[in-house]
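Colleague:
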Amino acid sequence: AQKITQTQPGMFVQEKEAVTLDCTYDTSDPSYGLFWYKQPSSGEMIFLIYQGSYDQQNATEGRYSLNFQKARKSANLVISASQLGDSAMYFCAMSRVTGFQKLVFGTGTRLLVSP
Amino acid sequence: DVKVTQSSRYLVKRTGEKVFLECVQDMDHENMFWYRQDPGLGLRLIYFSYDVKMKEKGDIPEGYSVSREKKERFSLILESASTNQTSMYLCASTISDRANTEAFFGQGTRLTVV
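Residue numbers (my numbering), protein chains in the order written: chain F, 86 to 200; chain S, 2 to 115.
1. With DSSP as the reference, label Asn-101 of chain S as helix, strand or coil.
2. Which residues in chain S sit within 9 Å of Gln-142 of chain F, going by Cβ to Cβ distance?
3. Leaving out the 5 sequence neighbours to the left and right, which residues in its chain are closer than 8 Å to Met-96 of chain F when beta-carbon positions are compared?
4. Establish whether the CB of Thr-110 of chain S and some CB of chain F are separated by less than 8 Å.
5. Along chain F, which residues have their Cβ under 9 Å away from the Cβ of Ala-104 of chain S?
6. With distances taken Cα to Cα, identify the nearest neighbour of Arg-148 of chain F among F:Asp-171, F:Ser-127, F:Gln-91 and F:Ala-160.
7. Could you give the DSSP three-state label for Gly-170 of chain F: helix, strand or coil?
8. Which word fits Gly-1 of chain S, buried or exposed, when buried means at least 16 other C-beta atoms lie within 10 angstroms of its C-beta?
9. Looking at chain F, which residues of the stretch 47-71 of chain S have a Cβ within less than 9 Å of any of its Cβ atoms?
10. CB-CB under 6 Å to Gln-87 of chain F, same chain, minus the five flanking residues each way: which ones, in chain order?
11. Are the C-beta of Phe-75 of chain S and some C-beta of chain F separated by less than 8 Å?
12. Below 7 Å CB to CB, which residues in the same chain sit around Gln-31 of chain S once its five sequence neighbours on both sides are set aside?
13. Closer than 7 Å between beta carbons: that is the criterion. Which residues of the stretch 154-176 of chain F meet it against chain S?
14. Jot down the residue ranges of each uninterrupted beta strand (DSSP E) in the stretch 17-103 of chain S, minimum 3 residues, whole runs only, in chain order.
15. Find the residues of chain S that neighbour Gly-95 of chain F, judging by a C-beta separation of less than 9 Å, and give them in chain order.
16. Using a Cβ-Cβ cut-off of 8 Å (strictly less than) and excluding sequence neighbours within five positions of Cys-108 of chain F, which residues of its own chain qualify?
17. For a cutoff of 8 Å on Cβ pairs, would you count Thr-192 of chain F as touching chain S?
18. For a contact meaning CB atoms closer than 7 Å, what does Thr-183 of chain F contact in chain S?
19. Is Ser-76 of chain S closer than 8 Å to Val-67 of chain S when the C-beta atoms are compared?
20. Taking 8 Å as the cut-off, does the stretch 17-34 of chain S touch the stretch 85-96 of chain S (at least 3 CB pairs, one atom from each stretch)?
21. Could you tell me whether the Cβ of Thr-6 of chain S comes closer than 8 Å to any Cβ of chain F?
22. Could you check which residue in S:Phe-106, S:Val-115 and S:Leu-46 has the C-alpha nearest to that of Ser-63 of chain S?
23. The beta strand (DSSP E) that contains Asn-152 of chain F, what's its start and end?
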């Protein structure tokens with residue numbers, strides 16, 4: 086079974102600083118994908134970044150990067166140069182790559198960026 | 002513009018009522034999902050469907066059923082609503098057989114059972 090664990094219910098960071106949001110996962114599938122989503126107070130789910138289990142390099146998308154450590158089963162999100170608009174809930178998720186592509190989420194981390 | 006549309010933004014139902022939550026996507030996606038979101042519990046998967054008339058239980062299927070008669074529509078059914086089913090319900094869809102398949106979400110339905 087797939088499982089995502091996010092152990093930080095809340096995180097605080099000052100504007101312009103970097104912050105790391107933790108995510109660990111558990112799966113018996115050899116191929117899988119890892120995702121991060123942002124949910125602002127308005128409620129919509131915004132896709133941020135994807136990492137495939139066989140990707141050689143860590144994924145990056147603008148100010149977002151994914152620190153993927155396969156042996157440790159971790160997929161932490163790093164946000165560089167935080168902005169006030171980064172204040173939101175952040176969810177880590179995973180899916181199989183083939184077969185039943187069940188998509189499971191963690192409990193989320195609420196990030197608050199202060200001026 | 003890709004779209005996942007949930008039929009209602011807010012619903013108030015009485016205990017024991019049969020409740021239908023509808024979700025429609027216009028992207029020809031094979032996979033569709035129903036989640037409930039509760040504070041501190043994240044998004045928990047109720048059911049998902051990988052094809053028309055095909056469904057799989059998620060992590061919390063008790064008290065729910067689903068229907069997928071057409072590819073674009075995935076319905077969540079609360080057979081007899083109870084107060085512990087008060088929650089935010091999110092529908093999502095993904096394309097199949099692609100590795101980096103991003104999920105597209107509806108706007109959510111906030112259901113209150115009184």
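Every residue, glycine too, gets a C-beta built ideally from N, C-alpha and C. Owing to the predicted nature of the structure, the values given are computational and were not obtained by experimental measurement.
Modeller: Here's the rundown:
1. coil
2. Result: empty, since nearest Cβ-Cβ is about 14 Å, beyond 9 Å.
3. Val-104, Leu-106, Thr-194, Arg-195, Leu-196 and Leu-197
4. no
5. Phe-120, Tyr-122, Met-130, Phe-132, Ala-178, Ser-180 and Leu-188
6. F:Asp-171
7. helix
8. What is shown of chain S runs 2 to 115, which leaves residue 1 of chain S out entirely.
9. Phe-49, Tyr-51, Glu-57, Gly-59 and Asp-60
10. Thr-112, Met-179 and Val-189
11. no
12. Gln is not the amino acid found at residue 31 of chain S; the sequence shown has Glu there. Taken in chain order, the residues that qualify are Tyr-51, Asp-52, Ile-96 and Ser-97.
13. Phe-176
14. 20-26, 32-39, 43-52, 55-58, 65-71, 74-79 and 88-95
15. The contacting residues do not exist; Gly-95 of chain F stays about 11 Å from chain S at best.
16. Ile-89, Thr-90, Gln-91, Leu-119, Trp-121, Ser-159, Ala-160, Asn-161, Leu-162, Cys-177 and Gly-191
17. yes
18. Asp-98
19. yes
20. yes
21. no
22. Sequence inspection shows Glu at residue 63 of chain S; the Ser mentioned does not correspond to that position. Minimum Cα distance to Glu-63 of chain S is reached at S:Leu-46.
23. 149-154
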